[in-house]
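Add 257 to the 1-based position in the sequence shown for the numbering used here, that's all there is to it.
Heads up, the beta-carbon is just placed ideally off N, CA and C, and yes, glycines get one too.
A quick note: this is a predicted structure, and the numbers were derived from the prediction, not measured.
A quick write-up on the structure given underneath.
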Amino acid sequence: MRRIASLFFMLVLTGTLFLSGCGSGDINSNTQAELVYRFSRSAAGDAKLMSDKILMTCINRKLIALNFETGEVVNTEIEADWLSVLPEENLVIYTTHHYELGIVHMNENGTVRDQKIVLTNDSADFMIDPAVIKVDDMYYLTLTFLNGNMNVSSEEEQNGQYTINCYCTRDFNRIEYLSQVTSEERNLEDVKLASNNGMLYLVYEKESRDRANSSIMVSISEDMGRSWNPPDTLLDCVADQEPAGLVKTEEGWNLYYSSDIASPGSSYDGASAYVAKLAEDLKVIEQDILIDLAVPKTDESVEYKMGGILLYSVESFNDRTYYAYSEDHASADNLCVSASIISEK
């Protein structure tokens, strides 16, 4: 395996790194999460939380590890456009504009331990939004293949055909195709995987046009990826909604997402972060529970709140829940991490 040299450099942007205590994480009421990190004008394309210190992201088509505890940055020099992570194994899977699927095992400090390309696609125009989960000794992953136009926003343009496929592997040396999850002439994006009781759950956004109203969908496999039930709607198409994670709880599930429900039609410019409480059977109990990530920022003598949240990733480590997101996504695109204390209730 080829070892990738890592380049270290420190963030020098004023006000990039913030460290603070955290507020309550009880989702029965609105959650206040406090800012611990801000990378101003990051131009990040994707981001996932690896640990309570490391955020993996893609900037300028390079895989970057950000240590949001120290402010240190590791440029792996690995080409990457979309990514998913397995925090328990310090594993990153990623896809590129060269139609490649790669894996990277990271060290705890964000440097690369080993890396290799495990799959090359020559059957579609794009291969995007990888997702990975490990159940027992098997890795399950999905890839989204796109033929035609990506992220169509105009009614006059024809949408591309998005197809989500499922695979499995024990060691990434041999990857087995299992099934097609779904295929539509719609934007199918932001794919997330979860598992429980021998079943796989695949959550994704479905929209007819980029930045338009969208549904959050789920498809369930009762035979570990070899077949999938027809997709069901989790959240109706009443806002521009982007899923960030489906997490099992004692009572059912938490669905994390960003949405412009409070500012209709604003999309990324006015979206906020939310959580929905779901029953065991994924029926919605309560939705649009605000996660307050609108952190005050001081600009000279004026204090204001940054807006336009695009929620990328939600993970719990130790006693805190961490949220990775883009702040003012459509303009400044500040890459941020906030955290809240997990409620004992």
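query, result
"Touch test, the stretch 378 to 398 against the stretch 342 to 354, Cβ-Cβ under 8 Å, three pairs minimum", "yes"
"Contact set for Asn287: own chain, Cβ-Cβ below 8 Å, skip 5 residues either direction", "Ile546, Leu547, Ile548 and Asp549"
"Three-pair Cβ contact test at 8 Å for the stretch 566 to 574 versus the stretch 305 to 315", "yes"
"Euclidean distance between Cα positions of Gly509 and Asp447", "22 Å"
"Nearest-angstrom Cα separation, counted from Arg370 out to Glu414", "44 Å"
"Within 9 Å, strictly: CB atoms of Asp489 and Val504", "no"
"Sequence-distant residues of the same chain with beta carbon closer than 6 Å to Ala589, five excluded per side", "Arg298"
"Rounded straight-line distance, which links the Cα of Asp379 to that of Ile598", "45 Å"
"Exposure of Gly455, with buried meaning 16 or more beta-carbon neighbours within 10 Å", "exposed"
"Cβ separation of Gly359 and Ala322, assumed to be a contact under 8 Å, to the nearest whole Å", "Going by Cβ atoms, the distance from Gly359 to Ala322 rounds to 15 Å, so no, they are not a contact pair."
"Backbone CA spacing between Glu543 and Tyr531 [nearest angstrom]", "11 Å"
"Whole-number beta carbon distance between Tyr525 and Arg468, since they are thought to touch under 8 Å", "7 Å"
"9 Å Cβ cutoff met for Val460 and Leu435", "no"
"Three-way DSSP call (helix, strand, coil) for Ala596 in this model", "strand"
"Whole-Å CB distance - Val375 paired with Met363, under 8 Å assumed", "Contact flag wrong, Cβ pair sits at about 16 Å."
"Residues near Val495 by beta carbon distance below 8 Å, same chain, minus five either side", "Asn470 and Ile518"
"Run of the beta strand (DSSP E) containing Lys534, from where it starts to where it stops", "Ser529 to Leu535"
"Lys540, buried or exposed, once every other Cβ within 10 Å from all chains shown has been counted against 16", "exposed"
"CB contact flag (Ser478, Tyr458, <9 Å)", "yes"
"Through-space distance from Ser583 to Ile566, alpha-carbon basis", "6 Å"
"Close beta carbons around Asp527, own chain, < 7 Å, minus the five adjacent residues each side", "The residue you asked about is not Asp; residue 527 is Gly in the sequence shown. Same-chain partners within the cutoff: Asp517, Ser520, Gly564 and Gly565."
"Own chain, CB closer than 7 Å to Ile432, minus 5 neighbours either side, in chain order", "Val375, Leu376, Tyr424 and Thr426"
"Beta carbon of Ala501 nearer than 9 Å to that of Ser523", "no"
"Enclosing beta strand (DSSP E) for Arg468 [first to last residue]", "Taken as a continuous stretch (DSSP letters only), Arg468 belongs to no beta strand (DSSP E), as it is neither H nor E."
"Outcome for Lys373 when other beta-carbon atoms lying within 10 angstroms are tallied against a minimum of 16", "exposed"
"Environment of Glu507 [buried if 16+ CB atoms lie within 10 Å]", "exposed"
"DSSP-derived helix/strand/coil call for Glu508", "coil"
"DSSP bridge partner residues for Gly359 (one or two, in chain order)", "Tyr351 and Ile374"
"Neighbour-count burial assignment, Ala337, 16 or more Cβ in a 10 Å radius", "buried"
"Glu543, DSSP secondary structure in three states", "strand"
"Backbone CA spacing between Cys279 and Asp585 [nearest angstrom]", "The predicted position of Cys279 is uncertain, since its pLDDT is 38 and thus under 50; no value can be drawn from it."
"Option nearest Ala381 by Cα separation, candidates Asp393, His355 and Trp485", "His355"
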